[in-house]
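If you count by mature numbering (1 follows the signal peptide of the UniProt record, and there is no 0), then the sequence shown holds residues -25 to -1, 1 to 750, one letter each, in order.
Every residue gets a Cβ at the ideal spot worked out from N, C-alpha and C, and that includes glycine.
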Amino acid sequence: MNKILKRKFVVGLLLIIVTTPKVFADDAPNYFCGGWYYDADSFYYNLFNQENISQKAFYPFLRTDVNPFYEKQSLVDSKNVHEWYSFFNKKYTKDQLVKILYGKEKKVITIQGKTAKEKAAKTYINFAKSCEKITVSNEGYYWDYEALIKKRKHNAPDLINKGLSLYSKENNASLKLRYAYQLIRLYRYNYQFQTAIEFYNNEVKSNVAKNEVYYYILDQIAGCYYKLKNYEKAAYLFLKVFDKSIDKKKSAFVSYKFCTYKKAEGKSFLTTKEEKANQIFITAIRKFSDTMQDLEEITDLGIAEDKQELLAIRIINNLERAILDINYRRSIFQVEERVADELIALQSYVDRKLEGTPVNLEFWKLTDAYISFLNQDFKTAEKKLSLINSKKFQEQKESLAKVFEVFSWTTINKENELWLSKFLGKNEKGIIMLGPCDIEENQAKFSCNLRGIILEQVSHLYLKENKLAQSYLIHNYLEDLKEISSHDLVDDIIQFIKKEDKNDFEKSLLVSVEDKRFQSLIAIAEEAKGLMYFRSGDFNIAKPYFTPSENKNIPAAIFSNNTIECFNCKANTVMEDEVYKASAYSFLNKKMNLYDLLDNLQTLERMTQDANTKQWKKKLAYYLLGNYFYNASNTGYYRAYTYYGKDRHYNYDLGSKRSDINDVIVKKKTYSFPYGGYRNTYNGLAKKAKYYYQKTIAMSTDNELNARCSYMIAKCELNEYYNNGWDSDYSGYEGDEFTKFENSGFEALKTKYKNTKFYDFIRSKCSYFRQYDAN
């Protein structure tokens, strides 16, 4: 067979119309619904709370891969609201001020005071809200940019004139600066960029205190320079806003990024060490470099300590992603050389910080303890953590103490289980942990990660001690046993269920059962045991595990066969063979439950062994057994009855691509017992089918039947190839791979049964056999 033909033969044999193998999705943890989605912020254990840093204004720049920024700043916490809070001498709460400043129409709260200062403030706030109609629009034509520009140009002149009048009359320095801000905004949005800059230079630049409102203004001026295409000056001013402002850090960060797209970084205007450090700082955040080199460089330049904290916390988060990644198939602490070097460098940096007098001493002490944990020095980590006394870090200290405690264990004893039951608490769903923490809210995800890593370590310790039941049940539902082929696991779970003196923690492992069909936990495990025998074709051993039921949903056509594969076609259009309908096999002509099916298989098997059974009946009994075992295999039309949850249309599982349960239980290749992904869908059923077809041919003188059996043998050999020889590269493979496996079915059809009608039929219907036959 030439190479091209062999490739076509393997790809297209039997006109298989099944869809893409779902190998990858099932081999990965089952965390996904719909299409593939990878949330990078969920696949690692984030134990060190990034919000440990002292400056809340830097929260948006904490490490995240999924969102543009870590979180939004609430208006209540804004510097603008805080300055108004001080302006009114705390007369209004910050929540009230948010409604006063940003409330819409009827929901707005107004200034009630009668003093000149409060009246002036009320006048300003009303003017500021009128300016919003130009600078921001919530109306329907907002996305019609030309209409928005037209509206601005129509309304801006009147507002500018009014603003200039109010500005000239205002004597309160704070309100006067706010009027200046509104005027500069109006100039900018009316495309009077140079006028805005001149107003700033003449009225604001050298005449006011550099408070938050000043940096609001500077942000607008930077925007004007950008529109005038002076990108370098714009970049420099955005750097200053990012450095000094609280509320405008995020917008200045984004604006600076746009300047860099214009090859401008503001470097030509930098004069002080602090400015140079700030430029390195924003670049590190923008490019996600945030390496020790960046941290060392900005520290040497004398940057503020709160910025050192931000880069340090981002470096720690990077280390967590590398060291504590959620991948149950490998150890948590597998550290690459690059990561190890970064960890050493960070430890050296923190040691130097602790030798000095850092402002946020407890932060650096906490960091020091956590680095010891990442270095797997759990005793030292516990000792360092015990020295932290700050109330600010009390919750973080307590959570890390729990993690350090569990990782200091080398085994799980009754005292450990008692400790775990108290910590995890009583939950109606038990303590089961299925996959990573797919939670958006940061603090909730943080708490979930704490629980997740503790349970993974506990599962790991149980697995190491060969306590399979406990290790499995931490990450899996008991009823999911029916998808796993491991007698060792099921036997251990049966013994665990029967254990009479279970403590609270052990009891909680069995709480999560959701399958209401079962009267007892033992029934779940015993059904799983029976299903394993059933899937492996040991129907005589399997039958005692099942009882007759009214649910008869298995069709008699499971004993038929087909020549052309069409998994999304109805059975009556493809399952064409009708031998099972013969009167000699009338016991097959009805729908069955699993117990009935096993009983019928036993009957057919007895017919093949009974000396008193006529040879033609024996021959066809072998044939019907071959049909069943192929249909029940993982490439058969009726595989959904063998493998629960496997819809015949779109799940074409190939066993060789799946993780072997023995990799977990015997070889201990995984760190803990993973959630899902270990369902075994290859049990060699097609091999059994091939054996029965060969027995049929050996007893038969009917060449038409033998030709059909030869074709079915070819299907069995393709199953063998798919399960044990198929290349993992989805895009293709070398056709020579198939030479490692038998193709005796097609060869017999070509050489022995060329004079049959079935040969002519297949040659006319199957182009791949036609090409095979021609060579």
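For residue j and residue i, believed in contact at Cβ under 8 Å, the rounded distance
i                 : j                 : result
tyrosine 45       : proline 35        : 5 Å
aspartate 222     : lysine 54         : 5 Å
aspartate 467     : alanine 444       : 5 Å
residue 752       : isoleucine 346    : The structure shown does not extend to residue 752, since the chain is modelled only from -25 through 750, so no value can be given for it.
lysine 219        : lysine 185        : 7 Å
phenylalanine 244 : tyrosine 211      : 4 Å
valine 56         : lysine 69         : 5 Å
leucine 214       : tyrosine 191      : Wrong, their Cβ atoms sit about 16 Å apart, outside the cutoff.
leucine 318       : leucine 349       : 6 Å
asparagine 478    : serine 396        : 7 Å
tyrosine 555      : phenylalanine 534 : 4 Å
residue 751       : aspartate 574     : Absent from the model: residue 751. The displayed extent of the chain is -25 to 750, so no value can be given.
Reduced DSSP secondary structure (H/G/I, E/B, other) of residue i
i                 : result
tyrosine 19       : strand
aspartate 133     : helix
aspartate 413     : coil
methionine 507    : helix
isoleucine 529    : strand
methionine 567    : strand
phenylalanine -17 : Low per-residue confidence applies at phenylalanine -17: pLDDT is 37, beneath 50, and the placement is therefore not dependable, though the value from the model is reported in the following sentence. Of the three classes helix, strand and coil, the one that applies to phenylalanine -17 here is helix, per DSSP.
aspartate 300     : strand
lysine 180        : coil
methionine 582    : helix
lysine 442        : coil
valine 41         : coil
alanine 356       : helix
asparagine 165    : coil
aspartate 513     : coil
alanine 245       : Residue 245 is actually leucine in this sequence, not alanine. DSSP places leucine 245 in coil when its eight states are reduced to three.
Run of the alpha helix (DSSP H) containing residue i, from where it starts to where it stops
i                 : result
phenylalanine 63  : Run containing phenylalanine 63: none; DSSP gives neither H nor E here.
asparagine 637    : 636 to 640
leucine 680       : 678 to 699
lysine 328        : 312 to 330
isoleucine 260    : 248 to 261
methionine 550    : Run containing methionine 550: none; DSSP gives neither H nor E here.
valine 188        : 187 to 202
phenylalanine 228 : 224 to 236
valine 381        : 369 to 382
methionine 674    : 660 to 674
arginine 745      : 742 to 748
methionine 267    : 267 to 275
serine 483        : 479 to 483
alanine 209       : 206 to 219
Reference residue i, options the options, closest by Cα
i                 : options                           : result
isoleucine 255    : Leu286, Lys237, Val229 and Lys238 : Leu286
lysine 439        : Tyr618, Asp300, Tyr646 and Ser483 : Tyr646
asparagine 730    : Ala682, Glu692 and Lys690         : Ala682
phenylalanine 542 : Glu481, Leu595 and Tyr612         : Tyr612
glutamine 470     : Val486, Asn718, Asp455 and Lys442 : Lys442
threonine 617     : Asn568, Pro132 and Asn21          : Asn568
methionine 550    : Asn536, Asn451, Phe562 and Ser561 : Asn536
isoleucine 407    : Asn609, Glu481, Lys740 and Thr90  : Glu481
glycine 410       : Leu506, Arg304 and Pro333         : Arg304
isoleucine 288    : Leu579, Leu22 and Ala661          : Leu22
tyrosine 437      : Ile472, Lys643 and Glu540         : Lys643
alanine 664       : Asn609, Asn699, Thr676 and Ile640 : Asn609
phenylalanine 648 : Ser105, Ser49, Gln432 and Lys372  : Gln432
tyrosine 142      : Tyr166, Ala103 and Lys47          : Ala103
Neighbour flag for residue i against chain B, beta carbons, 8 Å
i          : result
lysine 377 : No chain B is present in this structure, which holds just one protein chain.
Short Cβ contact (8 Å threshold) for residue i with residue j
i              : j                 : result
alanine 559    : lysine 592        : yes
lysine 359     : lysine 328        : no
glutamate 337  : phenylalanine 308 : no
alanine 95     : glutamate 145     : yes
leucine 161    : isoleucine 196    : no
asparagine 130 : isoleucine 109    : yes
threonine 538  : tyrosine 743      : no
lysine 74      : isoleucine 86     : no
alanine 209    : phenylalanine 217 : no
isoleucine 459 : leucine 484       : no
leucine 425    : tyrosine 447      : no
tyrosine 99    : arginine 153      : yes
isoleucine 257 : serine 461        : no
lysine 690     : tyrosine 605      : yes
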